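These notes are about the structure you will find just below.
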């Protein structure tokens, strides 16, 4: 009897919390298919808001900027993160470790402010370049953490064997270390890519002409009022980031299973 | 052999990483620190000198109120996340392995959905003519719409919604380590439900509770988007004040001093967390 009651309690708590976490997003997606401007009552199915989105030039421009920033910053962050992971894992540098991990704990709003001031002080005009650099800076530690976890489980004997057999350091890195780290690099950069696409706050502070990303567009749309188009755009963004992260997780799981 | 490898490639990696750390982390923070001691000139530009005037200005009741409000809001969010997150984490930890990975996945997914969109979802629901008011009125529970949006309550809901997973994950990790046999033993000894909770589960999961609380507290303290979109003028938090000083008033020295204070608050929370978790293993909390 007690067990049954416990089970009911468990199910109730579980479904309440999951409902709280998911209902807002699901409602948002559902109403992006709602026919009619009335935002709070269901009027029937439509995809016209998605059609409207597709015809919005400014939105396409923002999507292109977002993609450019995400691709470039992910590339740079991956290179830096890999470098940092090797440096920290192959030597003892507690202070460097603290420095590199700092962006993971600093409030994002402060990161945004600090980068804005840096760019102003070195007189780099705010825009696409500054947004990309700022994204690189907060994404590199993310890649570093993921790659480092992988590097830690790497058997050093593999690299040593290659060195003993006369491979150069560069050959060892390219033929042994890099391929073995690849799963970590892939999932780390997928996470970085997702964070870059979704970032609002740091972009908000470091952006300028030519640096308007999709979240910036969404923000200004929200500011000027709730519309079904925002629901449609929001749904697309949510599906995009969730599928990217699912890909990253899947990549990691496949590795664990192997 | 080992030396050969570390002397070559990893030394280059070290030099490169050091450069990265100094340029991308050290330099921006130093600039903020330097500007926090500078003076504001007309047209929003700054004069480089050394004064503590900005920090003194922060003692103005208006700013103190905002710091106090941010800390109170962050504490309330942390408390609610703990109240909601602990039972949920317990349910997770006591389900079968297959279900555990399902729950884990379900908690992680929202964390990766765009934060801006997740906040917008609450605007959509809480607006005066939003879903919640419409449903409540259709059910006849209320006569006219209630103002949910642009109140501290909306900010509270938004922050709890945003950061609940930060609490659930570490608490779950701790609870999962607690051997269920201990609970059975306690029950056999006629421990009540409440005793089980207060004298067994909570003491054994203190590290997870603290980790979750620090994560939620720090994230809430530095929040910008949630109070900005869901709150009104009366719910301005530290993040909003920062944005206001930098982009609206353009008083960079004062804004910089304020961000140093925010950073210090975050560092104190993290330092306290490190101290508590490294000083005492879970066993030491059992009496």
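Chains as they are written, first to last, in the numbering used here: chain A, 694 to 951; chain B, 6 to 292.
Virtual Cβ for every residue (Gly too), placed ideally from N, Cα, C.
Note that this is a predicted model, so its numbers are computed, not measured.
With a cutoff of 9 angstroms on beta-carbon distance, residue 76 of chain B and residue 776 of chain A are scored as not near each other. For residue 198 of chain B, the secondary structure class from DSSP, reduced to helix, strand or coil, is helix.
Residues of the stretch 886-915 of chain A that bring their beta carbon within less than 7 angstroms of a beta carbon in chain B comprise 887, 891, 893, 894, 908, 911, 912 and 915, in sequence order.
DSSP places residue 242 of chain B in no alpha helix (DSSP H); its state is neither H nor E.
Between the beta-carbon of residue 836 of chain A and that of residue 885 of chain A there is about 5 angstroms, and that keeps the pair under the 8 angstroms contact cut.
With contacts defined as CB atoms closer than 9 angstroms, residue 792 of chain A and residue 26 of chain B qualify as a contacting pair.
Those residues of the stretch 160-176 of chain B placed with their C-beta closer than 9 angstroms to a C-beta in chain A are 165, 166, 169, 170 and 173, ordered along the chain. Against chain B, the beta carbon of residue 786 of chain A has neighbours under 7 angstroms at 19, listed in chain order.
With a cut-off of 8 angstroms on Cβ pairs, the stretch 169-186 of chain B is not in contact with the stretch 59-69 of chain B, counting fewer than three such pairs. Between the alpha carbons of residue 226 of chain B and residue 868 of chain A lies a gap of roughly 46 angstroms. Between residue 768 of chain A and the set A/898, A/830 and A/917, the nearest pair of CA atoms involves A/830. Contacts with chain B (Cβ-Cβ distance below 8 angstroms) from the stretch 772-785 of chain A involve 773, 776, 777, 779, 780, 781, 783 and 784, listed in chain order. Distance between residue 752 of chain A and residue 746 of chain A, taken at the CA atoms: about 7 angstroms.
Sequence-ordered contacts of the stretch 28-44 of chain B with chain A read 29, 30, 31, 32, 33, 34, 36, 37 and 40 [C-beta pairs closer than 8 angstroms]. Among the residues facing chain B, residue 733 of chain A is included, as its CB has a counterpart in that chain under 9 angstroms away. For residue 146 of chain B, no CB of chain A lies under 9 angstroms from its own CB, so it is not counted at the interface with that chain.
For the 9 angstroms CB-CB criterion, residue 118 of chain B and residue 934 of chain A form a contact. For residue 898 of chain A, the closest of B/252, B/72 and B/228 by C-alpha to C-alpha distance is B/252.
Contact with chain B is absent for residue 701 of chain A, since none of that chain's Cβ atoms lies less than 9 angstroms from the residue's Cβ.
Contact between residue 889 of chain A and residue 766 of chain A is confirmed by a C-beta separation of about 5 angstroms, below the 8 angstroms threshold. In the DSSP annotation of this structure, the continuous segment of the alpha helix (DSSP H) that includes residue 890 of chain A starts and ends at 871-891. Measuring C-alpha to C-alpha distances from residue 783 of chain A to each of A/717, A/846 and A/896 identifies A/846 as the nearest.
Residue 727 of chain A is bridged by DSSP to A/738. The C-beta distance from residue 264 of chain B to residue 247 of chain B rounds to 6 angstroms, short enough to fall under 8 angstroms. Within the stretch 707-730 of chain A, those residues whose Cβ lies closer than 8 angstroms to any Cβ of chain B are, in chain order, 707, 710, 711, 713, 714, 715, 717, 718, 720, 721 and 724.
Distance from the Cα of residue 711 of chain A is smallest, within the candidate group B/129, B/233, B/111 and B/67, for B/111.
Proximity to residue 116 of chain B across A/887, A/832 and A/804 peaks at A/887, based on C-alpha coordinates.
As the crow flies, the alpha-carbon of residue 36 of chain B is around 16 angstroms from that of residue 57 of chain B. Residues of the stretch 52-74 of chain B with a Cβ closer than 9 angstroms to any Cβ of chain A: none. If you ignore the 5 residues before and after residue 160 of chain B, its C-beta comes within less than 7 angstroms of the C-beta of 78, 231, 232, 235, 236 and 240, all in its own chain and listed in chain order. In the three-state reduction of the DSSP assignment, residue 45 of chain B falls in the strand class, which pools E and B.
Around residue 22 of chain B, the beta-carbon contacts reaching into chain A at under 7 angstroms are 776, 777, 780, 789 and 793.
Counting only Cβ-Cβ distances below 8 angstroms, residue 943 of chain A has no contacts in chain B at all, with the closest Cβ about 11 angstroms away. Going by C-alpha positions, residue 722 of chain A is about 27 angstroms away from residue 105 of chain B.
Within chain A, 773, 776, 777, 793 and 833 have C-beta atoms less than 8 angstroms from the C-beta of residue 25 of chain B, given in sequence order.
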